[in-house]
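Some notes on the structure that comes next.
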Amino acid sequence: MTIDQLLKKIESTRSQPKVDEFAKFLKEKIDKEKDIHNLIAYSQMIDIDKDGRISKSDLQTCILNKHSVQFYKNGG
-17 MTIDQLLKKI ESTRSQPKVD EFAKFLKEKI DKEKDIHNLI AYSQMIDIDK DGRISKSDLQ
43 TCILNKHSVQ FYKNGG
(Lines of atoms letter the chains of each structure in order from A and count residues from 1; the text may use other names and numbers.)
(Lines give C-alpha, C1' and ligand atoms only; values in the text may rest on other atoms or scores of the structure.)
Protein backbone atom coordinates (compact mmCIF):
# COMPACT_ATOMS: atom_id res chain seq x y z
CA MET A 1 0.00 0.00 0.00
CA THR A 2 1.32 3.44 -0.90
CA ILE A 3 1.11 6.48 1.36
CA ASP A 4 -1.52 8.00 -0.93
CA GLN A 5 -3.63 4.84 -0.72
CA LEU A 6 -3.31 4.79 3.06
CA LEU A 7 -4.41 8.40 3.38
CA LYS A 8 -7.40 7.81 1.09
CA LYS A 9 -8.38 4.76 3.12
CA ILE A 10 -8.37 6.78 6.34
CA GLU A 11 -10.42 9.69 5.09
CA SER A 12 -12.03 9.26 1.69
CA THR A 13 -13.10 12.89 1.33
CA ARG A 14 -9.72 14.41 2.22
CA SER A 15 -6.16 13.55 1.32
CA GLN A 16 -4.94 14.84 4.69
CA PRO A 17 -6.84 13.36 7.64
CA LYS A 18 -6.90 15.22 10.93
CA VAL A 19 -4.55 13.96 13.65
CA ASP A 20 -7.45 12.46 15.65
CA GLU A 21 -8.84 10.74 12.53
CA PHE A 22 -5.42 9.21 11.89
CA ALA A 23 -5.23 8.04 15.52
CA LYS A 24 -8.71 6.52 15.24
CA PHE A 25 -7.62 4.64 12.11
CA LEU A 26 -4.55 3.33 13.95
CA LYS A 27 -6.78 2.14 16.81
CA GLU A 28 -9.30 0.43 14.54
CA LYS A 29 -6.98 -1.12 11.95
CA ILE A 30 -3.39 -1.25 13.24
CA ASP A 31 -3.18 -1.56 17.04
CA LYS A 32 -6.50 -2.26 18.75
CA GLU A 33 -4.81 -2.84 22.11
CA LYS A 34 -3.06 0.54 22.28
CA ASP A 35 -4.70 3.33 24.29
CA ILE A 36 -6.23 6.00 22.04
CA HIS A 37 -4.43 8.75 23.97
CA ASN A 38 -1.07 7.15 23.12
CA LEU A 39 -2.09 6.86 19.47
CA ILE A 40 -3.09 10.53 19.41
CA ALA A 41 0.33 11.41 20.86
CA TYR A 42 2.04 9.30 18.17
CA SER A 43 -0.10 10.93 15.50
CA GLN A 44 0.86 14.38 16.78
CA MET A 45 4.53 13.40 16.44
CA ILE A 46 3.88 12.25 12.88
CA ASP A 47 2.33 15.65 12.10
CA ILE A 48 5.74 17.18 11.30
CA ASP A 49 4.46 20.59 10.18
CA LYS A 50 2.01 20.77 13.12
CA ASP A 51 -0.94 21.82 10.98
CA GLY A 52 -3.31 19.33 12.63
CA ARG A 53 -3.39 17.02 9.59
CA ILE A 54 -1.34 14.02 8.49
CA SER A 55 -0.04 14.69 5.01
CA LYS A 56 1.91 12.60 2.55
CA SER A 57 4.96 14.70 3.40
CA ASP A 58 4.51 14.07 7.14
CA LEU A 59 4.37 10.30 6.61
CA GLN A 60 7.28 10.25 4.17
CA THR A 61 9.45 12.23 6.59
CA CYS A 62 8.64 9.86 9.44
CA ILE A 63 9.28 6.75 7.35
CA LEU A 64 12.60 8.09 6.07
CA ASN A 65 13.72 8.97 9.61
CA LYS A 66 12.28 6.04 11.56
CA HIS A 67 15.74 4.78 12.56
CA SER A 68 17.10 8.20 13.52
CA VAL A 69 17.47 8.74 17.27
CA GLN A 70 17.86 12.49 16.70
CA PHE A 71 14.52 12.64 14.87
CA TYR A 72 12.61 11.42 17.96
CA LYS A 73 14.29 13.65 20.55
CA ASN A 74 12.04 16.10 22.40
CA GLY A 75 8.80 14.55 21.21
CA GLY A 76 9.71 14.40 17.54
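Counting with my numbering, you get residues -17 to 58 for the letters of the sequence shown.
The beta carbon of each residue, even a glycine, is placed where N, CA and C say it ideally should be.
When DSSP labels each residue in this structure, what does K38 get in the three-state scheme? DSSP places K38 in helix when its eight states are reduced to three.
If contacts are defined as beta-carbon pairs under 8 Å, then I28 and L41 qualify, I think. What distance do you get, rounded to the angstrom? 7 Å
Here's the rule: buried if 16 or more other CB atoms are within 10 angstroms of the residue's CB, otherwise exposed. What is S50? Exposed.
Euclidean distance between Cα positions of G34 and A5: 12 Å
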